[in-house]
Amino acid sequence: MRQLGVWAVLGIWAAFCLVGAVYASWQGYGGRAFAATASTSAFLLLGMMLFAARGATEGWARRFSPGGGMFLGASVFVVYLLYVTGTGSFAIERAGVMAGFIFVSLGLAVSAKGAAAGSWQDFVTLAGVWVFVKFGPSHWLWPYPGGRLAYVMTVLVAVNVALAVFVLARRTSAIGYSIGWGKNWALYVLGNFVCLGCIAIPLGMRMHFLSYAPQWDHWSGLIFSSLAILVFTAWPEEFLFRGLLQNLLARASKSEFAGWWTASVLFGMSHITNLGFPNWRYVILATIAGIFYGWTWRKTGSIFGSALVHAGVDVTWHFLFRS
3 MRQLGVWAVL GIWAAFCLVG AVYASWQGYG GRAFAATAST SAFLLLGMML FAARGATEGW
63 ARRFSPGGGM FLGASVFVVY LLYVTGTGSF AIERAGVMAG FIFVSLGLAV SAKGAAAGSW
123 QDFVTLAGVW VFVKFGPSHW LWPYPGGRLA YVMTVLVAVN VALAVFVLAR RTSAIGYSIG
183 WGKNWALYVL GNFVCLGCIA IPLGMRMHFL SYAPQWDHWS GLIFSSLAIL VFTAWPEEFL
243 FRGLLQNLLA RASKSEFAGW WTASVLFGMS HITNLGFPNW RYVILATIAG IFYGWTWRKT
303 GSIFGSALVH AGVDVTWHFL FRS
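Under my numbering, the very last position in the sequence shown is 325; numbers go up by exactly one each time.
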């Protein structure tokens with residue numbers, strides 16, 4: 003696999019930050035609160051992207067673990083304190099909730115000590131990360147600017163904590179946390195995207211879950227929306243459900259097949275509250291999608307491959323269909 007190096011990743015990160023800052027300034031944001039928010043998001047995005055550089059996860063795990071996990075977790079907490087102080091929203095309760103999420107996760111990793119990957123602490127930590135993102139008080143934790151960045155900031159924190167726990171503290175291998183391209187990847191990515199569409203679209207329409215409703219007036223934002231979906235939805239979910247959950251389930255069960263299908267079912271079940279509870283139609287379609295995402299991850303060995311399929315599905319749904 004040809005993987006992006008550190009300097010290439012830093013260049014992409016700088017471009018993201020510059021575009022985001024210019025857009026926010028154009029929208030009228032500025033001052034101390036904006037500076038604190040921009041600095042926090044830039045740091046968290048840097049952590050999420052830098053680990054995907056060539057040799058980063060393996061090299062840093064060898065060099066800095068397990069103390070590096072604690073350092074990264076503590077850095078995330080300090081940056082959060084910078085955010086709440088800079089935006090004038092500091093509260094002991096907010097700091098306590100964030101500290102609890104970060105340091106309880108790291109504490110579980112420390113308690114696992116030398117246990118093999120797939121310990122009960124690993125699965126409890128994964129469940130905690132998912133609950134934090136899915137049901138956590140994100141708008142309360144990130145009140146500025148008006149809760150508009152709550153989901154993005156929560157995802158960035160969750161990814162950084164997961165990296166601190168599983169890459170640095172637990173030194174979990176074969177995650178595939180990388181940005182690159184390998185032989186036959188076009189076949190795997192495009193083939194899975196097309197095959198999934200041939201199954202999910204007719205099934206979703208037959209179940210009256212999907213209806214064809216192209217939003218032609220929104221196509222001007224296709225590139226921006228696609229990048230946002232890839233970075234803040236597809237990438238984090240593939241990291242959690244494929245790079246970590248499927249990986250750890252396969253190790254615990256000593257079966258790649260069992261890990262693949264179990265993770266796919268759990269991925270489907272994680273959508274049961276979306277668009278109304280219990281949404282079994284969403285569960286069925288998400289489970290089928292999880293099977294294709296998981297197969298792509300297995301064949302490419304990278305969450306980037308499965309994230310591309312995932313993002314392609316979400317973008318197609320967003321612009322061509324309505325639930």
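Backbone N, C-alpha and C define an ideal beta-carbon position, used for all residues, glycine too.
Under a three-way DSSP split, which group does residue i fall into?
i	result
Gly-296	helix
Ser-213	strand
Phe-323	strand
Gln-123	helix
Trp-282	helix
Gln-248	helix
Arg-172	coil
Gly-182	strand
Arg-64	helix
Arg-96	helix
His-56	Correcting the residue type first, residue 56 is Arg in the shown sequence and not His. Residue state, collapsed to three classes: coil.
Arg-4	strand
Tyr-190	helix
Arg-253	helix
Hey, residue i and residue j: beta-carbon distance below 8 Å or not?
i	j	result
Leu-165	Gly-49	yes
Gly-75	Val-131	no
Phe-125	Leu-250	yes
Pro-238	Val-311	no
Asp-316	Ala-236	yes
Ser-304	Gly-178	yes
Trp-187	Gly-314	no
Leu-287	Ala-265	no
What number of angstroms, rounded off, separates the C-alpha of residue i from the C-alpha of residue j?
i	j	result
Ser-180	Met-207	35 Å
His-220	Phe-53	33 Å
Gln-29	Cys-19	15 Å
Ala-114	Gln-123	6 Å
Val-78	Ala-129	20 Å
Asn-112	Ser-175	First, the residue type needs correcting, since residue 112 is Val and not Asn in the sequence shown. Answer to the nearest angstrom: the Cα atoms are 17 Å apart.
Ala-119	Gly-32	45 Å
Gly-116	Phe-195	39 Å
Thr-156	Phe-134	8 Å
Trp-183	Lys-301	12 Å
For residue i, does the count of other Cβ atoms within 10 angstroms reach 16, so buried, or fall short, so exposed?
i	result
Gly-138	buried
Gly-245	buried
Trp-297	buried
His-210	exposed
Gln-217	exposed
Ser-255	exposed
Tyr-295	buried
Val-80	exposed
Phe-73	exposed
| message | Assess contact between the stretch 212 to 232 and the stretch 273 to 280, defined as three or more Cβ pairs (one per stretch) separated by less than 8 Å. Is contact present? | response | no
Decide if the stretch 188 to 202 is in contact with the stretch 92 to 100; the criterion is three or more beta carbon pairs, one per stretch, under 8 Å apart.
no
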